[in-house]
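Notes for the one structure printed next.
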Amino acid sequence: MSDELKSNTPQRPDLEPTASRSPVPIWIVVLTLTLLFLVMVYFDRHSGWFNSQVYGPYVSAEELESYQPKSGEAAMLANGKARYDQVCGLCHGADGMGKPNQAPPLAGSEWVNTKSFRRVASIPLEGVNGSLEVKGQTWNLSMPAMGAAMSDSDLADVLTYIRNSWGNQGSPVTTDDVKVIRAKIGAHPQPLTGEVLKALPE
Amino acid sequence: MKNGFRVFLAALIALGASWCGFVLAPVLQLGGTKQTTILNSPDLYPVGRPGEANQGLQVYRTHGCAACHTEQVQQSGVACDLVLTSAGNNPMAVTNAISSLKLNDLDKDAADAAVDKITAVGGKAEIHIVATGPDVARGWGRRHSIAEDYLYDDPVQLGSVRIGPDLADVGARLPDANWQLVHLYAPQSVVKDSAMPPFRYLFRIQKIGRAPSPNALVFPKGFGPPAGYEVVPTARAQELVAYLLSLRADVPLHDAPFTQPLAASKP
């Protein structure tokens, strides 16, 4: 008779082992709760609240927002370039060299490198008709008021960009400057021509 | 088994929880990633790679480049630099003001306070946001990588080992196609002590015919093929280089801001 066939022995192999019911040791409970707490603190500090836009080293959307490059001169020029390429660059060229018989160059133009913004800001706001001398060449122009639809700040950025690009050196034009010029539309004879522009303060 | 149902339930909960954590949560968080706009510009980022560069991604994958190269720039911090844009009407006062100020490596509040101090004496200053960290210091990128960078990569070649440098921004860092080709053919000819193996089988050495091939490699002195021969890249090599040159992560984005120096205002 082999061992397997003995069924009534005290150590039955098919008997499932059982554990006695005893309470979980208190230190395990305390440790688990402490770890959970630390995990929550870590999440609070580093998760960015699961915002998909927040990556380390930023810890919250507010912090990320505060580090966005603010509108300084560089941002002004960048925005100005973007608007210029969209609106003005089609005729005046991305390099500011203009188009023969259509648009005079802005690079090195005496109408751009002025002391103040009075003349240069009036041109995009009102357009130019008739003859205008630029860099020793007479142009017969019919420029629509391309800048009239732009916001004051965008137009200011464009003018600042034009006055600081391609070798031009002019003072920046601010949003308030554009507001002033926009308020003065119609204060001088229309349409804007070379003579009218010359009458404006440089 | 006495507790079969309980064991099943416990396994289901354990696997389900990890599925939620590793699959569901990332999809909810980043599954809807789409093109974003570049800071201070109306342009979208990223734009899809041209076809040749897309082929190059498969060449990159075939040759196991990701075994030694990563495509993920890390950033450990962010700092503000002050840049004086105008000294105003009283340069002496501004000079005195900035001599007592720290101008680099500031946090946001300190930078704001410093700008206020400079503005108070009539000057003008700008805050430039700069990413910091070992990867940025090595010149591997200007900002950390974000999910949008990989929008058109299939499969994404993140990599995890850096035997070679990170390549997330290599197209902006080394934009010369000939340099890239020479580097693939003979890495040590352009990077001394490079650990990269040469990939000569991506090139053909051939006798110069009536005229040299227009796409023959231009080698630095002492590394070219023997006289009368030239090295021309195969289509694979050209695709791979097109892909490498398309790896650019050099524009500021909302999720990874930095101040872009302005190239456009130069004549």
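Protein sequences appear in the order of chains A and B. Take 883 as the starting number for the first sequence in our numbering and just add one per residue. Take 38 as the starting number for the second sequence in our numbering and just add one per residue. Note that the Cβ used here is the ideal one computed from N, Cα and C, for glycine as well.
Exercise for review: Would you tell me roughly how many angstroms separate the C-alpha atoms of P899 (chain A) and K39 (chain B), rounded to the nearest one?
Suggested key: The C-alpha of K39 (chain B) is placed about 11 Å away from the C-alpha of P899 (chain A).
Review point. What number of angstroms, rounded off, separates the C-alpha of V1016 (chain A) from the C-alpha of T132 (chain B)?
Key: Counting only the Cα atoms, T132 (chain B) lies some 40 Å from V1016 (chain A).
Review point. So, does the CB of Y924 (chain A) fall closer than 8 Å to a CB anywhere in chain B?
Key: Y924 (chain A) does not count as touching chain B.
Exercise for review: Determine the direct distance from the alpha carbon of C970 (chain A) to that of E276 (chain B), and round the result to whole angstroms.
Suggested key: E276 (chain B) and C970 (chain A) have their C-alpha atoms roughly 37 Å apart.
Check your understanding: Does the separation of the CB atoms of L1023 (chain A) and V1002 (chain A) fall below 8 Å?
Key -> No, these two residues do not count as a Cβ contact at 8 Å.
Review point. What do you reckon, are the CB atoms on R179 (chain B) and A168 (chain B) nearer than 8 Å?
Key: Against a cut-off of 8 Å, the Cβ pair of A168 (chain B) and R179 (chain B) comes out as a contact.
Check your understanding: Going along the chain, which residues of its own chain have a beta-carbon closer than 7 Å to the beta-carbon of S182 (chain B), five neighbours each way excluded?
Key -> The answer, listed in chain order, is Q109, V110, A205, A286.
Exercise for review: Anything in the stretch 55 to 76 of chain B with a Cβ closer than 7 Å to a Cβ of chain A? List those residues in chain order, please.
Suggested key: Within the stretch 55 to 76 of chain B, the residues whose Cβ lies closer than 7 Å to some Cβ of chain A are Q66, L67, L76, listed in chain order.
Review point. Any contact of the stretch 94 to 109 of chain B with the stretch 155 to 168 of chain B, i.e. 3+ C-beta pairs under 8 Å?
Key: No, because fewer than three Cβ pairs between the stretch 94 to 109 of chain B and the stretch 155 to 168 of chain B fall closer than 8 Å, the two stretches do not touch.
Review point. Would you say T156 (chain B) faces chain A, with C-beta separation under 8 Å as the test?
Key: No, T156 (chain B) does not count as interfacial toward chain A.
Exercise for review: Could you check the C-alpha separation between T296 (chain B) and L76 (chain B) for me, to the nearest Å?
Suggested key: Distance between the alpha carbons of T296 (chain B) and L76 (chain B): 9 Å.
Review point. Quick one: which chain B residues come within Cβ less than 9 Å of F932 (chain A)?
Key: Scanning chain B for C-beta atoms nearer than 9 Å to the C-beta of F932 (chain A) yields A62, L65, Q66, reported in chain order.
Check your understanding: Just checking, does the stretch 1049 to 1067 of chain A make contact with the stretch 47 to 61 of chain B on the three C-beta pairs under 8 Å criterion?
Key -> Not touching, per the Cβ criterion.
Practice item. Residues of the stretch 109 to 123 of chain B with a CB closer than 7 Å to any CB of chain A: list them in chain order, please. Key: Residues of the stretch 109 to 123 of chain B with a Cβ closer than 7 Å to any Cβ of chain A, in chain order: Q112, S113, G114, V115, T122.
Check your understanding: Which term fits N127 (chain B), buried or exposed, when burial requires 16 or more other beta carbons within 10 angstroms of its beta carbon?
Key -> Exposed is the call here.
Point to revise | Contact list for S1033 (chain A) against chain B, beta-carbon separation under 8 Å | key: In chain order: nothing, as chain B lies at least about 14 Å away.
Practice item. Could you confirm whether any beta carbon from chain B is found closer than 8 Å to the beta carbon of P1026 (chain A)? Key: No, P1026 (chain A) does not count as interfacial toward chain B.
Review point. How many Å lie between D977 (chain A) and V1040 (chain A) at the Cα?
Key: If you draw a straight line from the Cα of D977 (chain A) to the Cα of V1040 (chain A), it is about 14 Å long.
Exercise for review: Spell out a yes or no on whether the stretch 54 to 73 of chain B and the stretch 936 to 946 of chain A are touching, meaning 3 or more CB-CB pairs, one atom from each, closer than 8 Å.
Suggested key: Touching, no.
Exercise for review: Indicate the three-state DSSP secondary structure (helix, strand or coil) for R98 (chain B) in the structure shown.
Suggested key: In this structure, R98 (chain B) counts as helix in the three-state DSSP scheme.
Practice item. Indicate whether at least one CB of chain B lies closer than 8 Å to the CB of S902 (chain A). Key: So no, S902 (chain A) is outside the interface.
Exercise for review: Any chance you could list the beta strand (DSSP E) runs of at least 3 consecutive residues sitting entirely within the stretch 200 to 265 of chain B, in chain order?
Suggested key: Here the runs fully enclosed are 240 to 244.
**Study point:** Of the residues B:W177, B:K258, B:A151, the one placed nearest G333 (chain B), counting alpha carbons only
**Key:** Here chain B comprises residues numbered 38 to 304, so residue 333 (chain B) is not present and cannot be evaluated.
Check your understanding: Applying the criterion that 16 or more other CB atoms from any shown protein chain within 10 Å of the CB defines a buried residue, is E944 (chain A) buried or exposed?
Key -> E944 (chain A) counts as exposed, since fewer than 16 other C-beta atoms from the protein chains shown sit within 10 angstroms of its C-beta.
Check your understanding: Cβ of P171 (chain B) less than 8 Å from any chain A Cβ?
Key -> At a cut-off of 8 Å between beta carbons, P171 (chain B) makes no contact with chain A.
Check your understanding: DSSP three-state call for P895 (chain A): helix, strand or coil?
Key -> It is coil, neither helix nor strand.
**Study point:** Reduced DSSP secondary structure (H/G/I, E/B, other) of A51 (chain B)
**Key:** When DSSP states are grouped into helix, strand and coil, A51 (chain B) belongs to the helix group.
Review point. Does the distance from the C-beta atom of P202 (chain B) to that of Y222 (chain B) stay below 8 Å?
Key: Not in contact: P202 (chain B) and Y222 (chain B) (Cβ atoms no closer than 8 Å).
**Study point:** Status (buried if at least 16 other CB within 10 Å, exposed otherwise) for M883 (chain A)
**Key:** Because the pLDDT of M883 (chain A) is 46, which lies under 50, any placement of that residue in the model is unreliable, and the question is left without a value.
Review point. What residue range is occupied by the uninterrupted alpha helix (DSSP H) comprising S948 (chain A)?
Key: According to the DSSP assignment, S948 (chain A) belongs to the alpha helix (DSSP H) that extends over 943 to 948.
**Study point:** Proximal chain A residues relative to K139 (chain B), where beta-carbon distance stays under 9 Å
**Key:** Correct list: empty, because the minimum Cβ distance to chain A is about 18 Å.
**Study point:** Other residues of its chain near A1027 (chain A): CB distance less than 8 Å, five sequence neighbours each side excluded
**Key:** Cβ within range, chain order: P1006, L1007, E1008, G1009.
**Study point:** Closer than 8 Å to chain B by CB, E838 (chain A)
**Key:** Absent from the structure is residue 838 (chain A), since the part of chain A shown begins at 883 and ends at 1084.
Review point. Does S948 (chain A) come within less than 8 Å of chain B when only Cβ atoms are used?
Key: Output row for S948 (chain A): interface = yes.
Review point. Quick one: Cα of S948 (chain A) to Cα of R241 (chain B), how far?
Key: Cα atoms of S948 (chain A) and R241 (chain B): separation of roughly 54 Å, rounded to the nearest angstrom.
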